[in-house]
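Q: Numbering-wise (the working numbering), the sequence shown opens with residue 491 and increments by one. Virtual Cβ for every residue (Gly too), placed ideally from N, Cα, C.
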Amino acid sequence: MIYLLPLMTVLIWGGNSIVNKLAATAIEPSAMSFYRWLVAMLILTPFCLSSVIKQWPTIKANLHKLATLAFLGMVLNQSLGYYAGLTTTASNMALITSLVPLISVFLSLPLLGKAISPLSVIGGAISLFGLAFMLGEGDVLFFTSQAVTQGDALMVIAAVVYGTYCVLLKRWQMPLSNWTMIYTQGVLAVLMLTPLWLSSEQLLPTKESLPLIAYAGILASIFTPWMWVKSIKRIGADSTAMFMNLLPVFAMILAATFLGEQIHHFHILGGTMVIGGVLLAQIKPNRWFDILRQRHQRMAKH
Numbered sequence: 491m492i493y494l495l496p497l498m499t500v501l502i503w504g505g506n507s508i509v510n511k512l513a514a515t516a517i518e519p520s521a522m523s524f525y526r527w528l529v530a531m532l533i534l535t536p537f538c539l540s541s542v543i544k545q546w547p548t549i550k551a552n553l554h555k556l557a558t559l560a561f562l563g564m565v566l567n568q569s570l571g572y573y574a575g576l577t578t579t580a581s582n583m584a585l586i587t588s589l590v591p592l593i594s595v596f597l598s599l600p601l602l603g604k605a606i607s608p609l610s611v612i613g614g615a616i617s618l619f620g621l622a623f624m625l626g627e628g629d630v631l632f633f634t635s636q637a638v639t640q641g642d643a644l645m646v647i648a649a650v651v652y653g654t655y656c657v658l659l660k661r662w663q664m665p666l667s668n669w670t671m672i673y674t675q676g677v678l679a680v681l682m683l684t685p686l687w688l689s690s691e692q693l694l695p696t697k698e699s700l701p702l703i704a705y706a707g708i709l710a711s712i713f714t715p716w717m718w719v720k721s722i723k724r725i726g727a728d729s730t731a732m733f734m735n736l737l738p739v740f741a742m743i744l745a746a747t748f749l750g751e752q753i754h755h756f757h758i759l760g761g762t763m764v765i766g767g768v769l770l771a772q773i774k775p776n777r778w779f780d781i782l783r784q785r786h787q788r789m790a791k792h
């Protein structure tokens, strides 16, 4: 039962890829981003406002950092995802998003000063090969003769942006609760997105977009952060992070079921290489050697 929390979280994120794709034809991307966070903040306000008021001096001192995080994680990343939905598939979106942990590993070198292990380099090469195989539909050298689709390119940028967000979140340790962090960033994101929303051709959401906004604003923006944090506390950060690798699997199954997207051999082979490379890059060599040494010692005793 303890694994149900991260499993449900990743399943909701997989469903969010479907929402991104459906939203592309139901509402303008800028309006979708705005309404998503507006709904989430309206729901969270009664629960978070008192904490924000109490912690305002700390929030004010870190406002520039919180604004940067809000821009990267909630404005730019989300908006790129909604724009990408116009020209790529939900399956591709999820597979590219699964590269975020790997991107975070490599961004940790310049931003956190953390060394990159040889396993991370090998894992990165395997994942990039798998990504090229998938995007080129089996031809890893496709980019020499044709351009990457706009949607896929936007998702790669979105993955780099969110990887940067994750690393900066770790670098800028702030004495604020998780909900205060989420709420403050969400409010700042709504303020940043307001000018874009006002420039939309249709300010009010369409009837078709309402369930999509509800899914993104409630399930993907409120429930998933809560469940993810709970999961980290119960089974640990490393074990929880491993469930992220199920994201493209869930997303492809949901896309095939609800959108009629076809799963081809290049999705399966390329996706396997992407996920395998990410898993390899997340292995901590010292921990791996400790496990092997302990196993060898147990065998020696017998």
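When burial is assigned at 16 or more other CB atoms within 10 Å of the CB, is tryptophan 718 buried or exposed?
A: buried
Q: Please report the straight-line C-alpha distance between threonine 544 and isoleucine 533, rounded to a whole angstrom.
A: Reading off the sequence, residue 544 comes out as lysine, not threonine. Near 19 Å, if we compare the C-alpha coordinates of isoleucine 533 and lysine 544.
Q: Please classify glutamate 518 as buried or exposed, where buried requires at least 16 other C-beta atoms within 10 Å of its C-beta.
A: buried
Q: What is the C-beta distance between phenylalanine 713 and isoleucine 502, in whole angstroms, given that I count them as a contact (C-beta under 8 Å)?
A: 7 Å
Q: According to DSSP, simplified to helix, strand and coil, what is lysine 604?
A: coil
Q: If you draw a straight line from the alpha carbon of phenylalanine 756 to that of phenylalanine 623, how long is it in whole angstroms?
A: Each residue's CA atom was taken as its position, placing phenylalanine 756 and phenylalanine 623 some 7 Å apart.
Q: Just to check my reading of the structure: valine 657 and serine 594 have Cβ atoms closer than 8 Å, yes? What is that Cβ distance to the nearest angstrom?
A: 5 Å
Q: Which residues in the same chain have their Cβ closer than 8 Å to the Cβ of leucine 601, if we skip the five residues on either side of it in sequence?
A: Same-chain partners within the cutoff: Thr654, Val657, Leu658, Arg661.
Q: Should the segment 641 to 652 be regarded as contacting the segment 564 to 574, the criterion being three or more beta carbon pairs within less than 8 Å?
A: yes
Q: Please list the terminal residues of the continuous alpha helix (DSSP H) segment that includes aspartate 629.
A: Looking at the DSSP string, aspartate 629 is not in any alpha helix (DSSP H), and its letter there is neither H nor E.
Q: Taking only runs of the alpha helix (DSSP H) that begin and end inside the segment 560 to 608, which ones reach a length of at least 4 residues, in chain order?
A: 567 to 574, 580 to 587, 590 to 602
Q: Measuring only from the beta carbon, is leucine 759 closer than 7 Å to any heavy atom that is part of the ligand PLP?
A: In the structure on display, the ligand PLP does not appear, and there are no ligands present to speak of.
Q: Note down the Cα distance separating glycine 766 from serine 617, rounded to an integer number of angstroms.
A: 7 Å
Q: How would you label leucine 494, buried or exposed, when you count the other beta carbons within 10 angstroms and need 16 or more for buried?
A: Taking a 10 Å sphere around the C-beta of leucine 494, we find fewer than 16 other C-beta atoms and assign the residue as exposed.
Q: Taking Cβ to Cβ, would you say serine 588 is nearer than 8 Å to methionine 734?
A: Yes, Cβ-Cβ distance for serine 588 and methionine 734 is below 8 Å.
Q: Cα-Cα, which of Thr674, Glu698, Ile508, Pro715 is closest to serine 579?
A: First, the residue type needs correcting, since residue 579 is threonine and not serine in the sequence shown. It is Ile508 whose Cα lies nearest to the Cα of threonine 579.
Q: Expressed to the nearest angstrom, what Euclidean distance is found between the alpha-carbon atoms of methionine 583 and alanine 513?
A: 14 Å
Q: On the three-pair Cβ rule with 8 Å, is the segment 548 to 563 touching the segment 694 to 711?
A: no
Q: Give me the Cα-Cα distance between serine 690 and tyrosine 573, rounded to the nearest whole angstrom.
A: 14 Å
Q: For my contact list, serine 541 and serine 667 are in at a C-beta cut-off of 8 Å; report their separation, rounded to the angstrom.
A: 6 Å
Q: Helix, strand or coil for tryptophan 546, going by three-state DSSP, please let me know.
A: helix
Q: Could you pull out every residue in the same chain whose Cβ sits closer than 7 Å to the Cβ of lysine 604, ignoring the five residues on either side in sequence?
A: So the list reads Ser598, once near-sequence residues are dropped.
Q: Within 10 Å of its beta-carbon, does leucine 683 have 16 or more other beta-carbons around it, so buried, or fewer, so exposed?
A: So leucine 683 ends up on the buried side.
Q: DSSP three-state call for leucine 477: helix, strand or coil?
A: A query on residue 477 cannot be resolved here, the shown segment of the chain reaching from 491 to 792 and no further.
Q: Tell whether a beta-carbon distance below 8 Å holds between glycine 620 and threonine 577.
A: no
Q: Give the secondary structure of glutamate 793 by DSSP, where H, G and I count as helix, E and B as strand, and everything else as coil.
A: With the chain represented from 491 up to 792, any question about residue 793 goes unanswered, as that position is not in the structure.
Q: On a CA-only basis, which of Gly628, Tyr673, Pro685, Trp527 is nearest proline 536? Give me that one, please.
A: Tyr673
Q: Quick check on this structure: which residue in Arg724, Leu736, Gln752, Ala643 has the alpha carbon closest to the alpha carbon of glycine 571?
A: Ala643
Q: Using the beta-carbon count (16 or more within 10 Å), is phenylalanine 748 buried or exposed?
A: exposed
Q: Could you name the residues of the same chain whose beta carbon sits closer than 7 Å to that of alanine 516, not counting the 5 residues immediately before and after it, in chain order?
A: By the criterion of a C-beta distance shorter than 7 Å, alanine 516 is surrounded in its chain by Thr696, Glu698, Ser699, Leu702, once the five residues flanking it on both sides are discounted.
Q: So for asparagine 552, helix, strand or coil by DSSP?
A: coil
Q: Starting from isoleucine 743, follow the alpha helix (DSSP H) in both directions and report where the run begins and ends.
A: 737 to 744
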